[in-house]
Amino acid sequence: MESLGDSYQHVNQKVLLHATCSVGILIDRGLGGSSQVSFSEISFNVAVVFIGGKDDREALSFGSRIVEHPGIRVFVLFFRRDNDEPNVSIDVDDEEKFVDEIITIAQFKTKIVTSNPSINYAEKRMGINEEVIVEFNIILVGRMPPIEHVDDRNDCNELGHIGSYMTSQEFSTTASVLVIQ
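Residue numbers for the sequence shown follow full-length UniProt numbering, beginning at 1 and rising by one.
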């Protein structure tokens, strides 16, 4: 990824700081190419990486809206934190985790996944697995999921920990990344 300069990074940070609505930062790795494609010829596989937190809930919501296009397939990858086993009681004191895992995911699976064949859902253990991500055209991630940082890089703070990692040269994918706050 080439940086466009400090001035763009400064603008991004200001927008994220003062926005009163959802904001997305697109790291474009050739999404759509240089030629114009008609509406009926669009065919994209989109991954939504869901770890938890309000930004990931917004990314999940955006993914459930864009799947309305007949040429878009969405794959929700729920990465479980803290090595939780599915269907095990959750500490209610961790309200954010409770909302994410119980309400958001349950509603998503009940209302959207069962009624729309263009959406797939899978649960994975924590740790971004590059083999899971390579088959997608675009990856949606929340800016600030409630996890510890993935690595020590801090050059793209406006992308968050997961977005910074996915846009780094160490993460080998040609997929574009949309970071949502």
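Yeah, the Cβ is synthetic: ideal placement off N, Cα and C, and Gly gets one too. Small disclaimer: the values here were computed from a predicted structure and weren't measured.
Check whether residue i and residue j have beta carbons under 7 Å apart
| i | j | result |
| --- | --- | --- |
| V76 | V67 | no |
| L140 | L26 | no |
| S22 | E58 | yes |
| D56 | G142 | yes |
| N120 | N45 | no |
| Q181 | L16 | yes |
| E135 | F78 | no |
| E145 | G63 | A small fix is needed here, since residue 145 is Pro in this sequence, not Glu. Cβ distance not < 7 Å, so P145 and G63 don't count as in contact. |
| S176 | L31 | yes |
First through last residue of the beta strand (DSSP E) which encompasses residue i
| i | result |
| --- | --- |
| R157 | Residue 157 is actually Asn in this sequence, not Arg. Counting along the chain, N157 falls outside any beta strand (DSSP E), and DSSP gives it neither H nor E. |
| I25 | G24 to I27 |
| R73 | I72 to R80 |
Coarse secondary structure for residue i, derived from DSSP in three states
| i | result |
| --- | --- |
| E135 | coil |
| N120 | strand |
| S38 | coil |
| V11 | helix |
| A175 | coil |
| M166 | helix |
| L16 | helix |
| I51 | coil |
Burial state of residue i (16 or more Cβ within 10 Å)
| i | result |
| --- | --- |
| F171 | buried |
| A19 | exposed |
| V11 | exposed |
| G71 | exposed |
| E101 | buried |
| E41 | exposed |
| residue 185 | Any property of residue 185 remains undetermined from this structure, which presents the chain solely from 1 to 181. |
| S115 | exposed |
| I103 | exposed |
| A47 | buried |
| T110 | exposed |
Where the alpha helix (DSSP H) containing residue i begins and where it ends
| i | result |
| --- | --- |
| F62 | K54 to I66 |
Residue i Cβ short of 6 Å to the ligand ATP heavy atom set
| i | result |
| --- | --- |
| F171 | The ligand content of the structure shown is nil, which means the ligand ATP is not present either. |
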